[in-house]
Amino acid sequence: MTEEALVRQLKDGDKTSFDLLYEKYKNMALHTAYLITGDLPGSEDIVQDTFVKVWLHCRELKNDSGFKAWMMQILVRTAYKSGKKKSRELPDEDILQKADRGQSFSSMEQVIAREEAEMIAGAVRSLPVKQRTVVVLYYYQEYSVSEIAVMLGVLEGTVKSRLHTARKMLRGSLTKEPGMMVQGLI
Amino acid sequence: MREREAWEEKIKNALALECGGVTPSRDLKDRIDRQILESQKEAGNMKKFSMKKLVIGVAAGCLLVSGGVFAAGRVVSLSSHSYLGDAYKSYSDMDKAQTELGYSVDTVETFSNGYRFDKMFVDDVNGTDEDGSVVYTYKDLQISYEKSGEQAVWLSAAKPVEQQVRKGEPEATRQVEGTTLYYDTTTYKFVPPSYELTEEDQANLERDDFTISYGSSEVQVQKSSNVTWEKDGVYYNLSGFDLSLSADEMFDMAEEVMGTK
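So the protein sequences, as listed, match chains A and B. Position one of the first sequence corresponds to residue 0 (numbering that gives the first Met the number 0), numbered consecutively onward. Position one of the second sequence corresponds to residue 0 (numbering that gives the first Met the number 0), numbered consecutively onward.
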């Protein structure tokens, strides 16, 4: 069944269609919320709020083929509000989870790549929430500037400006790290 | 899609690595469903009725609440979330399924009346109280059997946390080597979330053999048939909707599961 057909049934109150859409997007939604907020339990709350809003307001979606963008708009706005409220401190369990993930790397190249990725991720985490949100949407989810502008309810110029500031801040953070390749970042 | 430069790919890969191993917790979907249910009640879409009559998230047509049998404690509703993508498609995977379940149960691959194994899965059943809080969770094995031209039959087997008690008289019983088999039928009315209960619904809800199930796209009434029994601490439920099987035919199938026929 196509996603449009699922959305049509969702609008008719079909719970199975809702369950299938949740299954399809739960990981993407959680990852986006996590990258914006850095708080795993808080990210689950954001995903929960998002899907509850999806169920309660699905009839307000005009274009059935635009479900993903509409759902992401709800998620990002919820995460954005949440991210503004919370500190960027990483919960202990997240740190442990990251430590566990590092154990599978063995060769020197992998260790170096891993360290570089962690530096970049750390630099993104240290960005203010406005800049971090556009970086996650633009580089990780690969949305266009115009799509991000609609999601955040801002002008395209504002998104471009935030991306520009984010790149500048990332370059500033990463040039402090020895061996980091930042050519082309700005 | 626009072409990406190497450093852009590095950012994407770094963020993907950051998310590695981050997956939704097992109870997230339950929390979402409960909040939806609460929101609908607050919005006045659902009138007050006994939670024992409410079945949510019933997966793939199998029944969590069988006719006449309820948990004895403070739990008032049972819900589960399973997806056919998680199903075992071969009966030879029974060992894996029972390992997942945590104990052995009686099953058959085929019944003498032509019903054959189709698929099976193990899901988590949540028992919730009047406030919607999950009181306990237990695992449940669901097996579906199909026969050409007939409705599917489901066999479920579980060790519930709470003792199961009967409410009301069964329509028929059979004694098999010290075990009592009970036959019940229940009318299920599947309705959309925004459905308003009619006066007739309210009156029907007073009966033990009538259940409202929220979550379908349209109003649909179906009759379930169940044979239930308990053996070695495991509760079995052989069930189906709109079956053409008689009570005796279902008792015979139950005996084949028990290995006495």
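Using N, Cα and C, we set each Cβ at its ideal position, and we do this for glycine too. Note that the coordinates shown come from a computational prediction; the quantities given were computed from them, not determined experimentally.
Give me the Cα-Cα distance between residue i and residue j, rounded to the nearest whole angstrom.
| i | j | result |
| --- | --- | --- |
| A/T77 | A/K129 | 13 angstroms |
| A/K52 | B/D247 | 48 angstroms |
| B/K11 | B/A5 | 10 angstroms |
| A/L60 | B/T186 | 35 angstroms |
| B/S239 | B/T106 | The question names Ser, but residue 239 of chain B is Gly in the sequence shown. Distance between the alpha carbons of B/G239 and B/T106 is about 16 angstroms. |
| A/S125 | A/D48 | 25 angstroms |
| A/G12 | A/G156 | 39 angstroms |
| A/Q8 | A/Y24 | 17 angstroms |
| A/K80 | B/M93 | 47 angstroms |
| A/L162 | B/E149 | 60 angstroms |
| B/G167 | B/Y182 | 12 angstroms |
| B/L204 | B/P23 | 36 angstroms |
| B/L242 | B/S224 | 7 angstroms |
| A/K97 | A/F50 | Low confidence applies here, because A/K97 scores a pLDDT of 43, under 50, leaving its location unreliable and the question unanswered by this model. |
| B/Y144 | B/Y114 | 6 angstroms |
| A/Y33 | B/D200 | 44 angstroms |
| B/A253 | A/V46 | 43 angstroms |
| A/N62 | B/A13 | 34 angstroms |
| B/D32 | B/K260 | 42 angstroms |
| A/M0 | B/R173 | 44 angstroms |
| B/E195 | A/M70 | 28 angstroms |
| A/V144 | B/T197 | 51 angstroms |
| A/S64 | B/V175 | 56 angstroms |
| A/D18 | A/V6 | 11 angstroms |
| B/G20 | A/D38 | 14 angstroms |
| B/D231 | B/V124 | 20 angstroms |
| A/E3 | A/S16 | 10 angstroms |
| B/D208 | B/A171 | 14 angstroms |
| B/I142 | B/V104 | 12 angstroms |
With distances taken between CB atoms, is the gap from residue i to residue j smaller than 9 angstroms?
| i | j | result |
| --- | --- | --- |
| A/V149 | A/A68 | yes |
| B/W228 | B/T178 | yes |
| B/Y234 | B/P159 | yes |
| B/E7 | A/Y138 | yes |
| B/D139 | B/A156 | yes |
| A/V153 | A/T31 | no |
| B/V218 | B/F189 | yes |
| A/R166 | A/I35 | no |
| B/S35 | A/W54 | In the sequence as displayed, the identity of residue 35 of chain B is Ile instead of Ser. Cβ atoms of B/I35 and A/W54: closer than 9 angstroms. |
Contact criterion: CB-CB distance below 9 angstroms. Does residue i meet it with respect to chain B?
| i | result |
| --- | --- |
| A/G65 | no |
| A/V153 | no |
| A/R113 | yes |
| A/Y79 | no |
| A/V6 | no |
| A/A148 | no |
| A/E43 | yes |
| A/V158 | no |
| A/E3 | no |
| A/A68 | no |
| A/E117 | yes |
| A/V75 | no |
| A/N26 | yes |
Against chain A, with Cβ distances strictly below 9 angstroms, would residue i count as a contact?
| i | result |
| --- | --- |
| B/N125 | no |
| B/L62 | Legend: pLDDT at B/L62 = 46, less than 50; position of this residue unreliable, value from coordinates given subsequently. Not one chain A Cβ lies under 9 angstroms of B/L62. |
| B/A156 | no |
| B/S224 | no |
| B/F240 | no |
So which residues of chain B does residue i contact, with C-beta pairs closer than 9 angstroms?
| i | result |
| --- | --- |
| A/K167 | Per Cβ cutoff of 9 angstroms: no residues; A/K167 is ~14 angstroms from chain B at best. |
| A/H56 | The premise fails here: A/H56 is roughly 11 angstroms from chain B at the closest Cβ pair, so nothing lies under 9 angstroms. |
| A/V123 | I10, A13, L14 and E17 |
Interface residues of chain A around residue i at Cβ under 8 angstroms?
| i | result |
| --- | --- |
| B/R25 | Those do not exist, as B/R25 stays about 11 angstroms from chain A at its closest Cβ, beyond 8 angstroms. |
| B/E7 | Y138 |
| B/I211 | Near B/I211 there are no residues of chain A at all, since even the closest Cβ is about 14 angstroms away, more than 8 angstroms. |
| B/K11 | Y138, Y139 and E141 |
At a CB-CB cut-off below 7 angstroms, which residues of chain A make contact with residue i?
| i | result |
| --- | --- |
| B/V21 | L29, H30, Y33 and L39 |
| B/Q34 | Q47 and V51 |
Between residue i and residue j, how many whole angstroms is the CB-CB distance? I'm expecting something under 8 angstroms.
| i | j | result |
| --- | --- | --- |
| B/F120 | B/Y90 | Between B/Y90 and B/F120 the Cβ distance is about 13 angstroms, and since that is not below 8 angstroms, they are no contact. |
| A/L173 | A/A116 | 12 angstroms between Cβ atoms; not a contact. |
| B/F110 | B/L180 | With a Cβ gap of about 15 angstroms, B/F110 and B/L180 do not count as contacting. |
| A/A120 | B/L16 | 7 angstroms |
| A/E43 | B/L27 | 5 angstroms |
| B/A86 | B/K118 | 4 angstroms |
| B/V256 | B/L237 | 7 angstroms |
| A/C57 | A/K14 | Contact flag wrong, Cβ pair sits at about 12 angstroms. |
So with CB distances below 8 angstroms, who are the chain B contacts of residue i?
| i | result |
| --- | --- |
| A/Q130 | Here the premise fails: no neighbours, minimum Cβ distance about 13 angstroms. |
| A/Y21 | K28 and I31 |
| A/A120 | A13, L14, L16 and E17 |
| A/V135 | L14 |
Mind pulling the chain A residues with CB within less than 9 angstroms of residue i?
| i | result |
| --- | --- |
| B/S38 | V51, W54 and L55 |
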